[in-house]
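Below: one structure, written as structure tokens.
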Amino acid sequence: MSDHDLSEPSADGQPIANAVSAEPAATGAAPSGDAPAQSSVSVEKVTLALRRVKDPELNLNIVDLGLVYDVRVHGDVVAVDMSLTSPGCPSGAEITGDAEQAIRAIPEVSDVTINLVWSPYWTPERIEPRVRAYLGF
52 MSDHDLSEPS ADGQPIANAV SAEPAATGAA PSGDAPAQSS VSVEKVTLAL RRVKDPELNL
112 NIVDLGLVYD VRVHGDVVAV DMSLTSPGCP SGAEITGDAE QAIRAIPEVS DVTINLVWSP
172 YWTPERIEPR VRAYLGF
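If you want it as structure tokens, here you go:
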């Protein structure tokens, strides 16, 4: 797992925190004297979990590769927009399955949706600059 600071620029030059979003869950109930604790699921926690998911061909995590486009947290429900290095990626099912499993491993998460998107199309420029340098790009 990387010790990458989430405030550092992502592959597209924007901080990861700006590339993902979190929206509070709407609860129809008024708080009582013993109100339940707020969900501790956060974009940062989900992003950290996704850093444990590696592209099996490159052995690099999908966040640093720039495959994760957006993370949305609504209470205890998480939605992720991500891509693959190509539409014909032979590891696509494995990568998306591993991403879903990593997020579901967060105890506070009740549901996960992984949306495979192709716009914008992934390019090596989306790779985190330090990783791109390591790869010789």
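Throughout the sequence shown, residue numbering follows our numbering, covering 52 to 188 in sequence. Here a beta-carbon is modelled for each residue, glycine too, at the ideal position from N, C-alpha and C.
Can you name, in chain order, every residue of its own chain whose Cβ lies under 7 Å from the Cβ of residue i, other than the five neighbours on each side?
i, result
"alanine 130", "Arg123, Thr164, Asn166"
"valine 104", "Asn112, Ile113, Ile146, Asp149, Ala150, Ala153"
Identify the residues that DSSP records as bridge partners of residue i: which are they?
i, result
"threonine 136", "Answer is none; threonine 136 lacks a bridge partner."
"leucine 111", "Asp106"
"leucine 167", "Met133"
Please report how far the alpha carbon of residue i lies from the alpha carbon of residue j, in whole angstroms.
i, j, result
"isoleucine 113", "glutamate 151", "12 Å"
"glutamate 179", "leucine 135", "15 Å"
"arginine 181", "aspartate 106", "17 Å"
Starting from the Cα of residue i, find the closest Cα among the options and give me that residue.
i, options, result
"alanine 184", "Trp169, Leu116, Lys96, Asp162", "Leu116"
"lysine 96", "Arg155, Leu109, Asn110, Glu108", "Arg155"
"serine 93", "Ile157, Glu108, Leu186", "Ile157"
"serine 205", "Leu186, Arg102, Glu108, Ala100", "Since the first residue of the chain shown is 52 and the last is 188, residue 205 is not available in this structure."
Indicate whether at least one CB of chain D lies closer than 8 Å to the CB of residue i.
i, result
"glutamate 108", "Going by chain labels, chain D is absent from the structure shown, which holds only one protein chain."
Excluding five sequence neighbours on each side, which residues of the same chain lie with their C-beta closer than 6 Å to the C-beta of residue i?
i, result
"aspartate 132", "Tyr120, Asp121, Asn166, Val168"
"serine 91", "Glu159"
Near residue i, which residues of its chain fall below 8 Å by C-beta distance, leaving aside the five closest residues on each side in sequence?
i, result
"glutamate 74", "Summary for glutamate 74: the model assigns pLDDT 39, below 50, so the residue's position carries little reliability; its value from the coordinates is reported in the next sentence. For glutamate 74, where only same-chain residues beyond five positions count, the Cβ hits under 8 Å are Arg123, Val124, His125."
request  = Decide yes or no for the touch test of the stretch 168 to 182 against the stretch 140 to 148: beta carbon pairs closer than 8 Å, at least 3 of them.
outcome  = Contact fails: fewer than three Cβ-Cβ distances are below 8 Å.
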